[in-house]
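Protein chains in written order, with the numbering used here: chain A, 203 to 320; chain B, 203 to 320; chain C, 203 to 320.
Glycine is no exception: its CB is placed at the ideal position from the N, C-alpha and C atoms.
Being a predicted model, the structure only gives us computed values, none of them experimental.
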Amino acid sequence: MSDIRRIDPMGGKLSDAVEYNGLIYLAGQVAENLSVGMKQQAEDVLRQIDALLAKCGSDKSRILTATVYVNDMVHKPQMDEAWMAWVDRSDPPARATVEAQLGSPDTLVEIMCTAAKR
Amino acid sequence: MSDIRRIDPMGGKLSDAVEYNGLIYLAGQVAENLSVGMKQQAEDVLRQIDALLAKCGSDKSRILTATVYVNDMVHKPQMDEAWMAWVDRSDPPARATVEAQLGSPDTLVEIMCTAAKR
Amino acid sequence: MSDIRRIDPMGGKLSDAVEYNGLIYLAGQVAENLSVGMKQQAEDVLRQIDALLAKCGSDKSRILTATVYVNDMVHKPQMDEAWMAWVDRSDPPARATVEAQLGSPDTLVEIMCTAAKR
Numbered sequence: 203m204s205d206i207r208r209i210d211p212m213g214g215k216l217s218d219a220v221e222y223n224g225l226i227y228l229a230g231q232v233a234e235n236l237s238v239g240m241k242q243q244a245e246d247v248l249r250q251i252d253a254l255l256a257k258c259g260s261d262k263s264r265i266l267t268a269t270v271y272v273n274d275m276v277h278k279p280q281m282d283e284a285w286m287a288w289v290d291r292s293d294p295p296a297r298a299t300v301e302a303q304l305g306s307p308d309t310l311v312e313i314m315c316t317a318a319k320r
Numbered sequence: 203m204s205d206i207r208r209i210d211p212m213g214g215k216l217s218d219a220v221e222y223n224g225l226i227y228l229a230g231q232v233a234e235n236l237s238v239g240m241k242q243q244a245e246d247v248l249r250q251i252d253a254l255l256a257k258c259g260s261d262k263s264r265i266l267t268a269t270v271y272v273n274d275m276v277h278k279p280q281m282d283e284a285w286m287a288w289v290d291r292s293d294p295p296a297r298a299t300v301e302a303q304l305g306s307p308d309t310l311v312e313i314m315c316t317a318a319k320r
Numbered sequence: 203m204s205d206i207r208r209i210d211p212m213g214g215k216l217s218d219a220v221e222y223n224g225l226i227y228l229a230g231q232v233a234e235n236l237s238v239g240m241k242q243q244a245e246d247v248l249r250q251i252d253a254l255l256a257k258c259g260s261d262k263s264r265i266l267t268a269t270v271y272v273n274d275m276v277h278k279p280q281m282d283e284a285w286m287a288w289v290d291r292s293d294p295p296a297r298a299t300v301e302a303q304l305g306s307p308d309t310l311v312e313i314m315c316t317a318a319k320r
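In structure tokens form, the structure reads like this:
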């Protein structure tokens with residue numbers, strides 16, 4: 203058995219999460235419903251991160267670092283609104299937010315993070 | 203002797219790979235031949251990743267996470283074609299793919315990844 | 203007491219640095235003075251990285267990997283000038299440099315890195 207655990211390896215293209223040596227590497231998460239605005243997409247992304255971390259025996263209080271990609275910096279405040287309502291304020295991760303076009307023109311935000319297992 | 207091992211520190215600017223505590227951090231890899239299209243550039247990048255991992259005593263089945271930068275999302279399918287032909291489908295890494303302009307207008311793809319040693 | 207140490211958690215939004223299991227994850231650092239050019243902003247960013255690493259009991263010779271975001275590739279040479287004057291040339295990190303719009307139109311460069319503790 204491998205010392206690396208791969209969660210949800212979608213058709214072999216990528217794993218939604220990879221565990222190794224006490225760390226959890228999540229794939230970039232995007233919203234399932236891309237027809238909504240930035241705040242709702244960010245909320246959706248953060249819910250997916252919660253779900254993946256739960257599968258790996260961790261939670262948002264143990265996220266170490268996050269990279270947030272928004273497709274238009276103009277809407278960063280709406281992403282941050284969702285983030286602030288969600289983040290564990292006594293244990294926030296390191297973070298960078300940059301603008302990048304994502305998988306489709308309707309994909310407004312993608313978040314990739316690394317967490318510690320419990 | 204340092205507990206950090208640096209591979210190919212090009213003129214002291216950056217290292218092509220850095221090993222520490224069982225992990226291997228690769229520099230962003232770009233194609234050597236930038237005159238070809240996305241699929242061939244991606245194949246070239248993936249070959250370089252294979253070569254660097256081999257130097258560090260690892261291989262693609264032990265990549266934990268990868269960030270793929272493409273300079274135009276329109277050509278992501280060609281990158282994915284090269285990726286799918288290359289990736290270890292039983293052990294795919296976490297991954298995010300975003301659009302970003304790279305070192306030159308002809309640089310179509312750059313991939314940065316982290317792997318576990320064997 | 204947590205096994206994760208968070209440095210400068212600004213209002214609970216993000217931590218400027220996070221330490222876990224011998225590694226230090228820094229938040230993306232930008233210049234404090236955004237009215238100056240690329241070279242000076244990069245110097246400012248690198249000074250902040252030095253200061254954060256010092257707070258965490260590390261230094262630039264122990265950076266493992268860095269992602270550099272510049273808002274215009276045209277000014278990458280000025281960033282690299284500051285980088286080369288700063289980097290520990292016998293111990294350079296893995297690095298990728300990509301173009302991305304950052305927190306404000308005046309933010310010319312942001313650097314996110316991971317280092318090993320001493």
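Does any C-beta atom of chain A lie closer than 8 Å to the C-beta of residue i?
i: C:Leu335; result: There is no way to answer for residue 335 of chain C, as the model of chain C reaches only from 203 to 320.
i: B:Ala287; result: no
i: B:Arg291; result: yes
i: B:Gly224; result: yes
Please check if any C-beta of chain B sits within less than 8 Å of the C-beta of residue i.
i: A:Ala324; result: The requested residue 324 of chain A does not occur in the structure, where chain A is confined to residues 203 to 320.
i: C:Pro295; result: yes
i: C:Gly305; result: no
i: A:Lys278; result: no
i: A:Lys214; result: The sequence shown places Gly at residue 214 of chain A, not Lys. Chain B, which has a Cβ nearer than 8 Å to the Cβ of A:Gly214, makes this yes.
i: A:Arg208; result: yes
i: C:Ala322; result: Residue numbering for chain C in the displayed model covers 203 to 320; residue 322 of chain C lies beyond these limits and cannot be assessed.
If distances are taken between C-alpha atoms only, which option among the options comes closest to residue i?
i: A:Gln242; options: A:Lys257, A:Gly305, A:Thr309 and A:Pro295; result: A:Thr309
i: B:Gly259; options: B:Ala287, B:Ala284, B:Ser292 and B:Ile209; result: B:Ile209
i: C:Ala317; options: C:Ala229, C:Pro211, C:Asp205 and C:Met212; result: C:Ala229
i: A:Leu236; options: A:Ser306, A:Ala253, A:Cys315 and A:Arg320; result: A:Ser306
i: C:Met286; options: B:Met281, B:Leu216 and B:Ser204; result: B:Leu216
i: B:Ser204; options: C:Thr299, C:Val300 and C:Asp293; result: C:Asp293
i: A:Arg291; options: A:Thr299, A:Val300 and A:Ile265; result: A:Ile265
i: C:Tyr227; options: C:Met240, C:Ala268 and C:Ala244; result: C:Ala268
i: B:Glu221; options: C:Asp218, C:Leu225 and C:Ala219; result: C:Leu225
i: B:Ile251; options: B:Lys319, B:Arg320 and B:Cys315; result: B:Cys315
i: C:Val247; options: C:Ala302, C:Val300, C:Pro295 and C:Met281; result: C:Met281
i: C:Ala253; options: C:Asp218, C:Asn223 and C:Gly214; result: C:Asp218
How would you call residue i, buried or exposed, if buried means at least 16 neighbouring beta carbons within 10 angstroms?
i: B:Glu234; result: exposed
i: B:Val276; result: exposed
i: C:Met212; result: exposed
i: C:Pro402; result: Residue 402 of chain C is absent from the model: chain C starts at 203 and stops at 320.
Checking contacts by CB at 8 Å: is residue i closer than that to chain C?
i: B:Ala229; result: yes
i: A:Met275; result: yes
i: B:Val220; result: yes
Starting from the C-beta of residue i, find all residues in its chain whose C-beta is less than 8 Å away, skip the five residues before and the five after it, and write them out in chain order.
i: A:Leu304; result: Val232, Tyr271, Asn273, Leu310, Val311 and Glu312
i: B:Val238; result: Asp246
For residue i, which residues in the same chain have their Cβ closer than 7 Å to its Cβ, ignoring the five residues on either side in sequence?
i: B:Glu245; result: Ala284
i: C:Arg320; result: Gly259, Ser260 and Arg264
i: A:Val300; result: Tyr271
i: C:Pro295; result: Ile265, Leu266, Thr267, Ala268 and Cys315
Just to confirm my understanding: we take residue i, look at its own chain, exclude 5 residues before and 5 after, and list those with CB closer than 6 Å. What are they?
i: B:Asp261; result: Leu255
i: A:Arg297; result: Ala268
i: B:Arg207; result: Glu221
i: B:Trp288; result: Leu248
i: B:Ala302; result: Tyr271
For residue i, decide whether its Cβ has a neighbour in chain E, counting only Cβ atoms nearer than 8 Å.
i: A:Asp246; result: Among the protein chains of the structure shown, namely A, B and C, there is no chain E.
- Using a Cβ-Cβ cut-off of less than 7 Å, list which residues of the stretch 255-267 of chain B approach chain A; keep chain order. Going along the stretch 255-267 of chain B in chain order, one finds Arg264, Leu266 and Thr267 with a Cβ nearer than 7 Å to chain A.
- Taking Cβ-Cβ distances below 7 Å as the criterion, which residues of the stretch 306-318 of chain B are in contact with chain C? Of all residues in the stretch 306-318 of chain B, those with a C-beta nearer than 7 Å to a C-beta of chain C are Glu312 and Met314, reading in chain order.
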